[in-house]
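Everything below concerns the one structure shown next.
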Amino acid sequence: MPAAPRLHELQRGFVDALLGRGDAAAAWVDGGGLEPSARLRIYRHAVAGTLTAALRDSYPTVLALVGEAFFEAMAERYRLQHPSTCGNLQQFGGSLAGFIATMPEVQALGYLADVARLDWLRQVAALAPDAVPVSAAMSADAAAVAPDRLRVRLHPSLQRLRSDHAVLTIWHWCRMPDGPALKLEGNGEHVLLWRDGGDVAMTTVDPATFRCIEALADGRDMASACRVASGVDDDFDLEPCLRDLLAQGLIVAFIDEESGT
93 MPAAPRLHEL
103 QRGFVDALLG
113 RGDAAAAWVD
123 GGGLEPSARL
133 RIYRHAVAGT
143 LTAALRDSYP
153 TVLALVGEAF
163 FEAMAERYRL
173 QHPSTCGNLQ
183 QFGGSLAGFI
193 ATMPEVQALG
203 YLADVARLDW
213 LRQVAALAPD
223 AVPVSAAMSA
233 DAAAVAPDRL
243 RVRLHPSLQR
253 LRSDHAVLTI
263 WHWCRMPDGP
273 ALKLEGNGEH
283 VLLWRDGGDV
293 AMTTVDPATF
303 RCIEALADGR
313 DMASACRVAS
323 GVDDDFDLEP
333 CLRDLLAQGL
343 IVAFIDEESG
353 T
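Numbering of the sequence shown is given in our numbering, commencing with residue 93 and proceeding in unit increments.
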């Protein structure tokens with residue numbers, strides 16, 4: 093009888109069996125009334141079903157666009173090539189958009205990878221830590237600080253997606269497929285997502301506003317962020333952008349670079 097494997101070898105062999113890479117671990121499995129290989133098949137099918145269900149929950153719009161059969165086949169290929177590395181199933185599937193972009197079968201659906209990114213960012217926004225928005229008094233104090241000294245900290249749930257495709261339009265259409273026919277004019281969309289109560293809010297913004305928020309999120313001061321946005325649109329006005337962020341509770345801190353507070 094061969095020597096018993098070390099624990100890490102047994103664990104690796106069990107994972108290989110779950111991923112369909114061989115049943116060498118069967119020699120060390122108590123089948124509990126079944127052949128060890130049959131017991132491993134039960135585990136394998138259970139894991140496959142659980143991971144596929146996790147992808148289905150995370151990517152409902154992709155599922156709606158490609159259908160159940162294709163999604164199941166895609167999920168199987170994905171989980172074998174990108175096995176879960178975390179015990180939290182809500183973290184599984186973060187690379188699916190990139191995986192979709194490499195699939196020759198969906199090259200005609202050029203928007204599908206970005207739709208997957210939108211689905212995933214909705215989950216990221218929903219699971220992000222909470223933070224308290226700035227108060228009216230804090231906003232008033234910040235208004236007295238020179239823009240080139242003032243930075244903001246945005247809410248952790250605020251996510252951004254810049255796409256060459258009308259991804260938010262597609263997302264809405266997938267929830268009402270029996271409505272008017274989907275018309276894609278070829279224009280991309282700049283989408284903001286954030287947690288709003290128990291839901292995830294989404295809206296499109298113009299490219300200059302998107303670039304401003306992107307710069308603020310990257311830690312640029314207000315004056316610098318405004319210059320970046322003005323490079324996209326000469327008529328960009330910082331005030332409405334900040335007003336909208338404040339109205340949605342998406343600014344959680346003002347930072348005066350001179351005082352450090």
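We put the CB at the ideal spot given by N, CA and C, even for glycine.
Computed from a prediction, not measured in an experiment: that's the story for all the values here.
Around the beta carbon of T194, fewer than 16 other beta carbons sit within 10 angstroms, so the residue counts as exposed. A345 has R245 as its beta-bridge partners, per DSSP. Runs of the beta strand (DSSP E) lying entirely within the segment 246-307 and spanning at least 3 residues, in chain order: 251-255, 281-288, 291-297. For G186, no alpha helix (DSSP H) encloses it, and the DSSP letter there is neither H nor E. With at least 16 other beta carbons inside 10 angstroms of its own, L334 counts as buried.
One alpha carbon belongs to G190, the other to A205, and they sit about 7 angstroms apart. Straight-line spacing of the CA atoms in F162 and D310 works out to 38 angstroms. Assignment of Q173 by DSSP, reduced to helix, strand and coil, places it in the helix class. Burial state of M268 is exposed, judged by a 10 Å Cβ sphere holding fewer than 16 other Cβ atoms. By a beta-carbon distance limit of 8 angstroms, A345 contacts V244. Their separation comes to about 7 angstroms. Assignment of G141 by DSSP, reduced to helix, strand and coil, places it in the helix class. Separation of A223 and S150 (C-alpha to C-alpha, rounded to the nearest whole angstrom) is 24 angstroms. In the three-state reduction of the DSSP assignment, Q182 falls in the helix class, which pools H, G and I.
Excluding five sequence positions before and after V154, the CB atoms of its chain that fall closer than 8 angstroms to its own CB belong to F163, L188, I192, L204, V207, A208, D211, given in chain order. Of the candidates W263, G323, K275, R319, W263 places its Cα closest to the Cα of T296.
CA-CA distance, E160 to V226, rounds to 44 angstroms. Here the C-alpha atom of E349 lies approximately 12 angstroms from the C-alpha atom of A315.
Annotation: the continuous alpha helix (DSSP H) that includes Q215 extends over 204-219. DSSP places Y151 outside both helix and strand once states are collapsed to three, so it counts as coil. For the pair E281 and A258, the CB atoms are nearer than the 7 angstroms cut-off. Annotated as distal: L242 and D329, with beta-carbon spacing of 7 angstroms or more. Judged by their CB atoms, L285 and A217 are nearer to each other than the 7 angstroms cut-off.
The residue among T261, D326, L337 with its C-alpha nearest the C-alpha of I305 is L337. Counted as a single uninterrupted DSSP element, the alpha helix (DSSP H) harbouring M314 occupies residues 314-322.
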